[in-house]
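K.L.:
Residue numbers for the sequence shown follow our numbering, so the first one is 327 and each next one is one higher.
The beta carbon of each residue, even a glycine, is placed where N, CA and C say it ideally should be.
Remember, predicted model here, so these are calculated numbers, not experimental data.
Encoded as structure tokens, here's the structure I'll be asking about.
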Amino acid sequence: MGTAIVWFRRDLRLEDHPALDAAAAAHERVLPLYVHAPEEEAPWAPGAASRWWLHRSLAALDGALRERGGALHLRRGPSVQALLAVASAANAEAVYWHRLYEPAARVRDAEVEASLRAVGIVTHAHNGALLFEPWEVATGKGEPYRVFTPFWRGARVRLRPAAPSPAAPPRRWATLAGGLPLHAFGLLPRIAWDDGLRAAWRPGEAGAREALRTFCEGALSAYAGQRDRPDRRGTSRLSPHLHFGELSPRQVVRALEDGARRHGRARLGEAVEAYLREIGWREFAHHLLYHFPQTPEANLDASFDAFAWAEPDAETLARWQRGRTGVPIVDAGMRELWTTGWMHNRVRMIVASFLTKNLRLHWRHGARWFWDTLVDADLANNTQGWQWSAGTGADAAPYFRIFNPVAQARKFDPEGAYVRRWIPELAEAPPELLHEPWRDAALLARSGYPPPMVDLKTSRVAALAAWQRMRGR
Numbered sequence: 327m328g329t330a331i332v333w334f335r336r337d338l339r340l341e342d343h344p345a346l347d348a349a350a351a352a353h354e355r356v357l358p359l360y361v362h363a364p365e366e367e368a369p370w371a372p373g374a375a376s377r378w379w380l381h382r383s384l385a386a387l388d389g390a391l392r393e394r395g396g397a398l399h400l401r402r403g404p405s406v407q408a409l410l411a412v413a414s415a416a417n418a419e420a421v422y423w424h425r426l427y428e429p430a431a432r433v434r435d436a437e438v439e440a441s442l443r444a445v446g447i448v449t450h451a452h453n454g455a456l457l458f459e460p461w462e463v464a465t466g467k468g469e470p471y472r473v474f475t476p477f478w479r480g481a482r483v484r485l486r487p488a489a490p491s492p493a494a495p496p497r498r499w500a501t502l503a504g505g506l507p508l509h510a511f512g513l514l515p516r517i518a519w520d521d522g523l524r525a526a527w528r529p530g531e532a533g534a535r536e537a538l539r540t541f542c543e544g545a546l547s548a549y550a551g552q553r554d555r556p557d558r559r560g561t562s563r564l565s566p567h568l569h570f571g572e573l574s575p576r577q578v579v580r581a582l583e584d585g586a587r588r589h590g591r592a593r594l595g596e597a598v599e600a601y602l603r604e605i606g607w608r609e610f611a612h613h614l615l616y617h618f619p620q621t622p623e624a625n626l627d628a629s630f631d632a633f634a635w636a637e638p639d640a641e642t643l644a645r646w647q648r649g650r651t652g653v654p655i656v657d658a659g660m661r662e663l664w665t666t667g668w669m670h671n672r673v674r675m676i677v678a679s680f681l682t683k684n685l686r687l688h689w690r691h692g693a694r695w696f697w698d699t700l701v702d703a704d705l706a707n708n709t710q711g712w713q714w715s716a717g718t719g720a721d722a723a724p725y726f727r728i729f730n731p732v733a734q735a736r737k738f739d740p741e742g743a744y745v746r747r748w749i750p751e752l753a754e755a756p757p758e759l760l761h762e763p764w765r766d767a768a769l770l771a772r773s774g775y776p777p778p779m780v781d782l783k784t785s786r787v788a789a790l791a792a793w794q795r796m797r798g799r
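Dropping the structure here:
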């Protein structure tokens, strides 16, 4: 039965790992391998925050393997050459992996599969990242969905929370000389800007399990009513763990179902369904990316190709990126992102609406900034989220739905705790001025907080006028 390679990518866990389970069942020895080849993911190679997380997640996976008598073998790409070289050196007869769905990854994986099979190495690709493959849920005509609600209705009825498999070690781990040390990949920042990330996160499978347990025992019970409140810890914060595959969506579904059984459907049923729907949005994002691979760069709604986006300038973008727009809820979100590598989902929508509508800048500028600064930067989710906010994507919010950031802040941060946390210069502002401090020139002068870079009402009118001109063409 010989040796098999398990090619780890964004599946950095040992539990509920279909590729590892299959390799362990069919082969005497298993060699865990990670190949670092970010250039193969261009133009969407991992950003700085993602690289930070990847370093720690790889270190955690290697530690878990060493506890079980194995080790993670590290190589640098190109992936085809690395896999061929490792397979030859280890005398491996098969390679197992989990599918990725980004356009560049699909091209790369097809080349890898063809090259390995050409020299007699068997390949096995599994689904380890999604509840459903992107092609498994389709309309009655066999076409991809472009609206979430019918997509999720079709997926939800098929969802059966099968028990995730435990971490079953293979008969014997294979090891191989010639691997690289993790620091050779240069994933960590040369200048220490990551204090906030280290304080906020615990990358790795153990951290993912802890985060899931914390959510199920805490915020889940009130999730349906609290998930839109950035001033409270009402969300799961599982997104980076899911992106890097430290946790599978199947494990999440099982944990939710177990909690509902323990505490009663009457108490947790609504919360479980609300969170499952968010997992459904993740599935929908991958469904869209698979069927519409042009969307990371192009509008899904081609009518927006004629939209008159404003010409960006460095100062405007920099003020938005650094949280100096003069609109407190927007700036709070951008500072939270810069410090922790994460932003509350409600605030993501607010800052995206401000960029694409009040500033009328193309959504690609926001998508690129999020890509570099989010620890949960995921091409499917990032693309779907920005096109939704800009009104250019599938099942998108209409462009004329322009968030009023002041109204949003009053509704979802009513006591101002979120804004005061991330904008300390406004910590002493009176409640009636906190979300619109420009109403008091003395407050701005005293605090040093900037006036708003655009007038919210005037910029809203200009955005709607540009949209009407596009529709008239």
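When you compare each of His452, Tyr616 and Gly652 to tryptophan 764 by their alpha carbons, which one comes out closest?
P.N.:
When each option's Cα is compared against that of tryptophan 764, the closest is Gly652.
K.L.:
Could you give the residue range of the beta strand (DSSP E) that holds glutamate 419?
P.N.:
Per DSSP, glutamate 419 belongs to the beta strand (DSSP E) from 418 to 424.
K.L.:
From proline 492 to glutamine 577, what distance separates their C-alpha atoms?
P.N.:
Going from the Cα of proline 492 to the Cα of glutamine 577 covers about 10 angstroms.
K.L.:
If I measure Cβ to Cβ from aspartate 704 and keep anything under 7 angstroms in the same chain, skipping five residues before and after, which residues do I get?
P.N.:
Result list for aspartate 704: His569, in chain order.
K.L.:
Do you know how far the Cα of serine 383 is from the Cα of leucine 615?
P.N.:
C-alpha separation (whole angstroms): 25 angstroms.
K.L.:
Among residues of its own chain, excluding the 5 on either side of alanine 390, which ones have a beta-carbon nearer than 7 angstroms to its beta-carbon?
P.N.:
Taken in chain order, the residues that qualify are Leu340 and Glu531.
K.L.:
Work out the CA separation of proline 470 and alanine 720 for me, nearest whole Å.
P.N.:
Each residue's alpha carbon lies about 11 angstroms from the other.
K.L.:
Let me check understanding here. Comparing Cα to Cα, which of Ala526, Arg528, Pro529 and Arg563 lies closest to glycine 544?
P.N.:
Taking only the C-alpha atoms, the option nearest glycine 544 is Arg563.
K.L.:
Is leucine 513 closer than 8 angstroms to leucine 380 when the C-beta atoms are compared?
P.N.:
It is a contact, given that the beta carbons lie within the stated cut-off.
K.L.:
For the candidate residues Arg524, Asp435, Ala351 and Arg484, whose alpha-carbon lies nearest to that of tryptophan 378?
P.N.:
Residue Arg524 is the option with its Cα nearest to tryptophan 378.
K.L.:
Which term fits histidine 509, buried or exposed, when burial requires 16 or more other beta carbons within 10 angstroms of its beta carbon?
P.N.:
Exposed, by the Cβ-count rule.
K.L.:
Shortest alpha-carbon distance to tyrosine 601 belongs to which of Asn625, Arg392 and Ala550?
P.N.:
Cα-wise, what sits closest to tyrosine 601 is Ala550.
K.L.:
Quick one: measure Cβ to Cβ for proline 654 and leucine 760, integer angstroms, because I've assumed they're closer than 8 angstroms.
P.N.:
Contact flag correct, Cβ pair sits at about 7 angstroms.
K.L.:
Skipping 5 residues on each side, what residues in its chain have a beta carbon closer than 7 angstroms to that of leucine 456?
P.N.:
Pro575, Glu609 and His612, listed in sequence order.
K.L.:
Taking C-alpha atoms, which residue in Arg402, Gly480 and Phe726 lies nearest to alanine 464?
P.N.:
Ranking Arg402, Gly480 and Phe726 by Cα distance to alanine 464 puts Gly480 first.
K.L.:
I'd like to know if the segment 687 to 699 and the segment 787 to 795 are in contact, where contact means that at least 3 CB-CB pairs between them fall below 8 angstroms.
P.N.:
Segments in contact, no.
K.L.:
Using 8 angstroms for Cβ pairs, my map puts asparagine 671 next to threonine 561. What's the rounded Cβ distance?
P.N.:
Confirmed, about 7 angstroms.
K.L.:
Which residues does DSSP list as the beta-bridge partners of isoleucine 331?
P.N.:
According to DSSP, isoleucine 331 bridges with Leu357 and Val421.
K.L.:
Beta-carbon within less than 7 angstroms of alanine 636's beta-carbon, same chain only, minus the 5 sequence neighbours each way: which residues are those?
P.N.:
Once the five neighbours on either side are set aside, the close Cβ partners of alanine 636 are Leu685, Arg686 and Leu687.
K.L.:
With which residues is leucine 400 paired in a DSSP beta bridge?
P.N.:
BP columns for leucine 400 point to Tyr360.
K.L.:
Only counting the same chain, and skipping five residues up and downstream in sequence, which positions put a Cβ closer than 7 angstroms to that of alanine 556?
P.N.:
Sequence check: residue 556 is proline here, not alanine. Excluding sequence neighbours, proline 556 sits near His670, Arg672, Val673, Phe738, Asp739 and Tyr744.
K.L.:
Mind checking whether glutamate 428 and glutamate 365 have CB atoms under 8 angstroms apart?
P.N.:
Cβ distance not < 8 angstroms, so glutamate 428 and glutamate 365 don't count as in contact.
K.L.:
For glycine 649, collect the residues of the same chain with a Cβ closer than 6 angstroms to its Cβ; drop the 5 residues on either side in sequence, then sort them by chain order.
P.N.:
Around glycine 649: Asp657, Met660 and Arg661.
K.L.:
Is the CB-CB distance between tryptophan 333 and valine 421 below 8 angstroms?
P.N.:
Result yes, Cβ atoms of tryptophan 333 and valine 421 sit closer than 8 angstroms.
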